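Peer 1:
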Amino acid sequence: MDSRNQLYVVISLVVIVLIFSIAYIYGPSASDRSGDEGTETPSNIIIITHETLTWNNSTIKVGNNITWINRDFAIEHEIVSNTSNYAFDSGVLKNGQSFSLNFTKAGTYNYYDKLHPNLSGIIIVQQ
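Counting from 1, one number per residue, gives the positions in the sequence shown under full-length UniProt numbering.
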């Protein structure tokens, strides 16, 4: 094989490896891939991935919990309230870490990601 053909083979292999690496990094997380197809995440569990939230508007009953789980491979998140009557802060969540909160009063609770303010949501707590 001449050097020109070898160069094409090497470049092709590098491109293929890059494509698979990007698909692996930005594709579904391992836990998403291992779950049953067609099942949904319960609305009281909010998955943070690729700077999105699975449920940015959730409705629960008084006494129920909301859990935020960071499944973002390389990005940290910090969920905080911007509702004055119920302040909360998850602290920095690394990949795989979670934060749960029990809502004991009916109302509407706004929150956002302190590190990525474009991520926000509302929790509606009903009797």
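The beta-carbon is built from N, C-alpha and C at its ideal position, and this holds for glycine as well.
Predicted, not measured: the structure shown is a model, and the values here were computed from it.
Quickly, what does DSSP pair Val-17 with across the bridge? List them, please.
Peer 2: Paired residues: none, contrary to the question.
Peer 1: Are Asn-70 and Asn-110 closer than 9 angstroms when you measure CB to CB?
Peer 2: Contact flag unset, no.
Peer 1: Among all the DSSP beta bridges, which residues are the ones paired with Asp-72?
Peer 2: Per DSSP, none; premise fails for Asp-72.
Peer 1: Relative to the alpha-carbon of Asn-56, which residue among Phe-73, Asp-113 and Gln-127 has its alpha-carbon at the smallest distance?
Peer 2: Checked all of Phe-73, Asp-113 and Gln-127; the closest Cα to Asn-56 is Asp-113.
Peer 1: To the nearest angstrom, how far is it from the Cα of Val-92 to the Cα of His-77?
Peer 2: For Val-92 and His-77, the distance between alpha carbons rounds to 6 angstroms.
Peer 1: Straight-line CA distance for His-116 to Gln-6?
Peer 2: Distance between the alpha carbons of His-116 and Gln-6: 45 angstroms.
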